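K.L.:
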Amino acid sequence: MASGEFPGLKELNAVDAAGVHPLLVAIGKERYMPFREKVPEEILTIANRILGSGQTSLAKFLFIAAEEDNPDLNTHDLEEYFDHVLARVDWMRDLHFQTKTTIDTLDYSGSGWNSGSKVIIACRGQKRRELSSEKPTNLSFPPFVKAAKMARAGVLALAVEDWKDYTSDKMKIENLARHLSAQQMDGIAMIILTEDADFIGQTLNNFVWVTFTRANPSHDIYGVDTKVDHKHWGCEGPLIIDSRIKKHHAPVLKKDSKVVAKVDRMFSKGGELNGVI
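When we follow this note's numbering, the leftmost residue of the sequence shown carries the number 737, and every step to the right adds one.
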């Protein structure tokens, strides 16, 4: 697939833990103008090809890194992959949005039936930051924030008030961004807004599930110190993703304890399905 359908693509992983289509992570080859400043070039061409082809066109968040920056990097080691990208990404340069477009039918984060947005995060070059695994001790927050916890290296999870609507919540998040603008956040690349900061930080699977399934890029991405340069949006500080459950999302699937107990009995010793799998 890498050398055929997607020329220049080394690896592509549709992340199961994020519901497959909401999150693709990729590695591509950079062969354009190798003698000048290392910026995303060919990997952007590859990313657009990915979003323009078959099933991969359903992706909502597409991260793509340059092979040359770390030839040993692979898309199935998500811990290492996110460490690599978050240490290098330039949020003023590397975000590329597609708005008012089609999305996966089973993705309920958008603005309507099969309607939503996409974002490409394409990064190339040397490290820009050393990712922090410890929450900065001097951070303060407005009342909107109830708790803060490092979800993983470079990612701060903030437990905030439940989502109400895009108008009022936009004002609250922009106020949060202004509040954080004057604070020291060098080791933090990304901030995730959620109902449960502890849950996001428990496992990598929890992080990718909450972050990328519950966000519509055009509506739910904010940033600290945002700017628009000739219609290109970015931020100089950490990227903020509002990954709370919205009113238009499908209801959360919860286990029925009675059904779970019944199934467990069926597969236990003496049960009618014991030994089937």
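Ideal Cβ positions, reconstructed from N, Cα and C, are used throughout, including at glycine. The structure presented is a predicted model; accordingly, all values stated were derived computationally and were not measured.
(1) Taking C-alpha atoms, which residue in Gly744, Lys982, Asn850, Val896 lies nearest to Glu803?
(2) Please state whether the Cβ-Cβ distance between Leu814 and Gly890 is less than 8 Å.
(3) Given a threshold of 16 other Cβ atoms within 10 Å of its Cβ, counted over all protein chains shown, does Gly846 qualify as buried or as exposed?
(4) Could you tell me whether the stretch 970-986 touches the stretch 941-959, where touching means 3 or more Cβ pairs closer than 8 Å?
(5) Can you confirm whether the stretch 869-889 touches the stretch 911-922 when touching is taken to mean that 3 or more C-beta pairs between the two stretches lie within less than 8 Å?
(6) Do the stretch 747-754 and the stretch 771-780 meet, that is, are 3 or more Cβ pairs less than 8 Å apart?
(7) Taking 8 Å as the cut-off, decide whether the C-beta atoms of Ala801 and Ile856 are in contact.
(8) Kindly indicate the opening and closing residues of the beta strand (DSSP E) around Leu909.
(9) Measuring alpha carbon to alpha carbon, tell me which residue in Arg829, Lys796, Val881, Glu972 is nearest Thr841.
(10) Please report the Cβ distance between Asp808 and Arg824, rounded to the nearest whole angstrom; I am assuming they are in contact, meaning their Cβ atoms lie under 8 Å.
(11) Indicate the three-state DSSP secondary structure (helix, strand or coil) for Trp899 in the structure shown.
(12) Who are the Cβ neighbours of Arg767 in its own chain at under 8 Å, not counting the five residues just before and after it?
(13) What is the DSSP secondary structure of Trp827, counted as helix, strand or coil?
(14) Express the C-alpha separation of Phe799 and Tyr817 in angstroms, rounding to a whole number.
(15) Could you have a look at Asn749 and say whether DSSP puts it in helix, strand or coil?
(16) Rounded to whole angstroms, what is the Cα-Cα separation between Asn942 and Asp752?
(17) Could you tell me if Val999 is buried or exposed, where buried requires 16 or more neighbouring beta carbons within 10 angstroms of its beta carbon?
P.N.:
Reading it off the structure:
(1) Gly744
(2) no
(3) buried
(4) yes
(5) yes
(6) no
(7) no
(8) It should be noted that the sequence gives Ile, not Leu, for residue 909. Where Ile909 is concerned, there is no enclosing beta strand (DSSP E), although the alpha helix (DSSP H) it sits in stretches over 902-917.
(9) Lys796
(10) At roughly 15 Å, the Cβ-Cβ gap does not stay under 8 Å, so Asp808 and Arg824 are not in contact.
(11) coil
(12) Gly744, Glu778
(13) coil
(14) 10 Å
(15) strand
(16) 12 Å
(17) exposed
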